[in-house]
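Numbers 785 to 1522, taken from this note's numbering, label the letters of the first sequence in order.
Note that the Cβ used here is the ideal one computed from N, Cα and C, for glycine as well.
Since the model is a prediction, treat every value here as computed from it, not as a measurement.
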Amino acid sequence: MPYFYYLPEEEGDIERVKEEVTRNRKAFPKVLDVTTETKKLLGHPRQVLKITCTGSDVRSAYASELNRIFGGGRSFEQDFRLSVRYIADLMLTTSGWNECDVEKIKVEGIAVDRAYLATTVPKSIAQDDTPSLRVLAVNALTVGEKGSARPESDPLRALALLTSSGKSAILLCEGGDDAELLRGFVEFVNRSDPDLIVGFESSKVDWLYLIQRAKVCDIKLSVGRDASEPHTSVYGHISVTGRANLDLSDVAGSITEVKVKTLENVAKYLQLHSANKFKVIDEWDRFGLWNEESGRRKLLENAMGMASSCLELAQSTIDFPIQLSRLTGLPLDHVVAAAVGFRVDSYLVIQAHRIGELIPARNDQPYLTYQGALVLEPKPGLHDDVAVLDFASMYPALMKKYNLSPDTLVQPGEHVPDDSVFLIPQVDHRFRKSPDGFYRIVLAVLIRERALLAKKLGEYTADSTEFRVLRDRERALKVVTNACYGYAGWAGARWYSREVAESAAAVGRETITKTIDKARSIGLTVIYSDTDSLFVTNETASIDRLRDWAKKEFEGIEIRVERVYSRILFTEAMKRYAGLLPDGSLDKVGLEVVRGDWSEIARQVQEQVLREILLHKSPEQAVEVVRGTVRRLRSGAVPLAELTIRKTLTKPIERYKVRAPHVEVARKLMKEGWKLAVGDKVAYVIVKGPGSLFKKAKPYNQVKPDDVDIEYYLDNQVKPAAMRILEVFGVQERQLFD
DNA sequence: AAGGGCGCACTTTTGA
DNA sequence: TCAAAAGTGCGC
785 MPYFYYLPEE EGDIERVKEE VTRNRKAFPK VLDVTTETKK LLGHPRQVLK
835 ITCTGSDVRS AYASELNRIF GGGRSFEQDF RLSVRYIADL MLTTSGWNEC
885 DVEKIKVEGI AVDRAYLATT VPKSIAQDDT PSLRVLAVNA LTVGEKGSAR
935 PESDPLRALA LLTSSGKSAI LLCEGGDDAE LLRGFVEFVN RSDPDLIVGF
985 ESSKVDWLYL IQRAKVCDIK LSVGRDASEP HTSVYGHISV TGRANLDLSD
1035 VAGSITEVKV KTLENVAKYL QLHSANKFKV IDEWDRFGLW NEESGRRKLL
1085 ENAMGMASSC LELAQSTIDF PIQLSRLTGL PLDHVVAAAV GFRVDSYLVI
1135 QAHRIGELIP ARNDQPYLTY QGALVLEPKP GLHDDVAVLD FASMYPALMK
1185 KYNLSPDTLV QPGEHVPDDS VFLIPQVDHR FRKSPDGFYR IVLAVLIRER
1235 ALLAKKLGEY TADSTEFRVL RDRERALKVV TNACYGYAGW AGARWYSREV
1285 AESAAAVGRE TITKTIDKAR SIGLTVIYSD TDSLFVTNET ASIDRLRDWA
1335 KKEFEGIEIR VERVYSRILF TEAMKRYAGL LPDGSLDKVG LEVVRGDWSE
1385 IARQVQEQVL REILLHKSPE QAVEVVRGTV RRLRSGAVPL AELTIRKTLT
1435 KPIERYKVRA PHVEVARKLM KEGWKLAVGD KVAYVIVKGP GSLFKKAKPY
1485 NQVKPDDVDI EYYLDNQVKP AAMRILEVFG VQERQLFD
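Following this line, the structure appears as structure tokens:
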């Protein structure tokens, strides 16, 4: 049954409140039971009332009513969804196994193999295997005559469907009526009865379109296991009852190596077999293709190729979200859609419940910034044989070590013995050494579990199923552990504490500063440092000494050699460098070449320059390479695709205060009927013409090769990308041009 | 019905 | 003409 907690302002009031809630049936008609319980509020035991109701919808109203009558009291957990309540109370495993006694029953209208009535309370059991799940991949083809397709008037042209058991269908809309297509979709889903439904950007594109079209055609999109229709739910995802509907672009979002996150790019990066079976075809090219036979065939083949890639992507990546779901207690479809902060939040809620803590509501606090990490100015130039040392999980380790937590924070002015607290340098916050704070309790569990898993991993070979399960579980633990620091500093967090985050950053700075000083004092050259890492000359004896020193000095926080560069190049800029790894590959950090907002031609030329420099130490050759690119550009031989610049719309178009090129292009496209939303990338090319740059930016598909402003690309793309590196070697700009 | 933190580099626009 | 502000995307 739904319940919430009420903590009166004065402890003595508890009986009075209890009496009121029990007797006043007029104000609290749906109260079922009231009991007194001992819970903890930030570690302090408190007597609270547990008020059980007959409906979940009245809890918030009753909580406010109590506040109105008694004033000053606080209520807790009145906004919990019942499903969350159930999972937390029974400590059930999400996306895992739980056990209970059952009786077989018959139910109507629910598409399941068998139905049982639980006769005992379910209990989580230690069983790790994942059953094989039926997967359905969906890809919708929309075509708009002028601009983006509009669900109010444009029918859904086709729908590619493919299941893990190999059934496939392309549902086509002939003429203007897609009602038959929609009915076919509902039938296909129900016949194949998938556990997972997957797509790419499906919550933003495919489902929205399907739902809208179903409304227009007055068709019930009964694809849930209870024949219900899809509905929008938390974290902006689309929920299908009884099935997990996953938008795989959420999974792809965490792959930082892929800059433009199209299905095509993700599939290629992951080397999926299906990667070459399709190409993402831009919206504006579709209308032309759709209206001629070979084009239409291509579009349909492509749609099926995308569905097959979605299926493969789901099968190859689903294990990690499953482990993340188990760890955080969020259902699979929620955990995929939820941002990092909400994953941590859910994990903490369950842990808090486990130790009897009252769970505060999420409420947006006023936002205060604080000083963060330390970055050292690099020593510019080429360096041979450089080791990168770093502290493993520095912030969580420090939060645990110094017991940084809202419940251990000593208020300013509060008198406590100096030796009973950790005094944090620079920021002067104090934290009690005991008892263990909430973050310490939670982080200790996370860190211990992870160490255990790492050990267990060694017992299996890398190709075994067990290994993969354990590795994904370890990754889930890592993600949640490392996000705790950011979570603590997030104003929307339930356990938000600027002091905690600020202190973690401060002890982080202290730790790395001490280590830098020590490294220098024992003769290591420190070339660069950022947050928790140290780039030093690779002298193993001294590094071992530093490691031993750190082990003693920081007890429990270890330095490891993360990697060694045979050769590394720094400019004067922080957070930007490139290194040569022993296997001959280049590691590029922060430079234009890894940024998504530079043209391909600029990135290419920088990559080539870096190669010449790092592999052959030859600025002269590098200059030749750039000159070659300059000639190619001038001759008009560089295709438009390499000149396209992409920038993201980070807010609604009307909120922009500045006429930036990508914003202007977005405005133009929207006027022409294209749909653009926050998060979309705008692709443009700079063309010849007078005036500011924003006047010369054109949508890349509307540009003819002769229009391109080659001078812009020479001066503002190729030159800066190349000179960023070459200026370190004294190369002059004019050497790049004739 | 939502999206962890700060530090830094860099381009382009804006406004004096 | 120039510094500040806006905007983006990166590193950790």
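Which residue from the options puts its Cα closest to that of residue i?
i	options	result
A847	Y790, D797 and K1480	Y790
E985	G1020, R997 and P829	G1020
Y1053	G1037, D1066 and I1065	G1037
D961	R997, S949 and L945	R997
L755	R934, K930 and V970	Because the chain is modelled from 785 through 1522, residue 755 falls outside the range shown and cannot be assessed.
Y1361	S1402, S1313, S949 and E1346	S1313
D841	Q1501, V805, L1520 and M785	M785
K824	I1143, A963 and E804	I1143
P1190	N808, R1278 and A1461	R1278
L1160	G839, D1371, K1359 and H1446	K1359
H1118	G1026, S1017, D1103 and Q1099	S1017
S952	E958, L943 and G959	L943
G1547	K999, Y1496, L1005 and R1027	Residue 1547 lies beyond the range of the chain shown here (785 to 1522); nothing can be said about it.
G1380	P1403, S1402 and L1427	L1427
A933	W1068, G1079, E795 and S1078	W1068
F1338	S949, M1178 and V1492	M1178
L1116	P1196, R1027 and L1398	R1027
V1466	K1472, M1454 and G1473	M1454
R1304	D1316, T1321 and T1315	T1321
K1043	I1429, E1511 and R1411	I1429
P1162	L955, S1317, G827 and K1452	S1317
Beta-carbon separation of residue i and residue j under 8 Å?
i	j	result
V1393	I1509	yes
F1175	I1437	no
P1164	E1356	yes
I1306	F1319	no
V1170	I871	no
V982	L1095	yes
E804	I835	no
G1457	K930	yes
T904	D885	yes
T838	K810	no
Y1269	G1125	no
V1502	L1417	yes
R1282	G1273	yes
R1216	V1229	no
V1554	L1308	Missing from the structure shown is residue 1554; the chain here goes from 785 to 1522 and no further.
D1103	V1253	yes
G1292	T1315	yes
A1059	S1093	yes
Please report the Cβ distance between residue i and residue j, rounded to the nearest whole angstrom; I am assuming they are in contact, meaning their Cβ atoms lie under 8 Å.
i	j	result
K1063	E1048	6 Å
A899	D977	Actually they are not in contact, since the Cβ atoms of A899 and D977 sit about 15 Å apart, beyond 8 Å.
A1288	L1158	The Cβ separation is near 13 Å, so there is no contact.
A1506	L1520	6 Å
A1051	Y993	Going by Cβ atoms, the distance from A1051 to Y993 rounds to 22 Å, so no, they are not a contact pair.
P1423	E1294	52 Å between Cβ atoms; not a contact.
H1213	L1193	6 Å
S879	R1110	5 Å
A1098	L1152	The Cβ separation is near 41 Å, so there is no contact.
V1172	R1329	Contact doesn't hold; Cβ gap of about 17 Å is too wide.
Y1154	A1275	At roughly 12 Å, the Cβ-Cβ gap does not stay under 8 Å, so Y1154 and A1275 are not in contact.
V1407	V1515	6 Å
Indicate, with yes or no, if the ligand ZN has a heavy atom lying under 7 Å from the CB of residue i.
i	result
L1095	Although the ligand ZN was asked about, the structure shown includes no ligands whatsoever.
* Check whether the segment 1219–1226 touches the segment 1234–1247, counting contact only when three or more Cβ pairs, one atom from each stretch, lie closer than 8 Å. => As far as the Cβ criterion goes, the segment 1219–1226 does not touch the segment 1234–1247, which means the pair count is below three.
* To do: Assess, as a yes-or-no matter, whether the segment 856–864 is touched by the segment 790–802 under the definition of 3 or more beta carbon pairs within less than 8 Å.
  => In this structure the segment 790–802 lies against the segment 856–864, because at least three pairs of beta carbons, one per stretch, are closer than 8 Å.
* Asked: Would you call the segment 1386–1401 and the segment 1364–1376 in contact, with 3 or more CB pairs under 8 Å?
  -> A contact exists between the segment 1386–1401 and the segment 1364–1376.
* Would you call the segment 1122–1138 and the segment 1260–1267 touching, i.e. three or more CB-CB distances under 8 Å? -> In the pairwise beta carbon analysis, the segment 1122–1138 is classified as touching the segment 1260–1267: at least three pairs are separated by under 8 Å.
* Along the chain, which unbroken stretches of the beta strand (DSSP E) at least 3 residues long are found entirely within the segment 1354–1436? -> Note on the segment 1354–1436: whole beta strand (DSSP E) runs with a minimum of 3 residues are 1361–1364, 1370–1373 and 1429–1432, in chain order.
* Would you be able to state if there are at least three C-beta pairs under 8 Å between the segment 1331–1339 and the segment 1292–1303? => Output reads yes: the segment 1331–1339 touches the segment 1292–1303.
* Asked: Can you list the beta strand (DSSP E) stretches of 3 or more residues lying completely in the segment 825–856, in chain order?
  -> Listed in chain order, they are 828–837.
* Inter-stretch contact at 8 Å, needing at least 3 Cβ pairs: the segment 1445–1459 / the segment 1467–1479 -> Counting Cβ pairs under 8 Å, three or more are found: they touch.
* For the segment 1101–1127, which segments carrying the alpha helix (DSSP H) assignment without a break, of at least 4 residues, lie completely within its bounds, in sequence order? -> Whole alpha helix (DSSP H) segments, 4+ residues: 1103–1112 and 1116–1121.
* Would you call the segment 1079–1097 and the segment 910–925 in contact, with 3 or more CB pairs under 8 Å? -> Yes, the segment 1079–1097 touches the segment 910–925.
* **Whole alpha helix (DSSP H) elements within the segment 1000–1038, 4-residue minimum** => Runs of the alpha helix (DSSP H) lying entirely within the segment 1000–1038, each at least 4 residues long, are 1032–1036 in chain order.
* Counting only runs that start and end within the segment 1276–1337, where is the beta strand (DSSP E) found for 3 or more residues in a row? -> If we require 3 residues or more, the beta strand (DSSP E) runs fully inside the segment 1276–1337 come out as 1310–1314 and 1317–1321.
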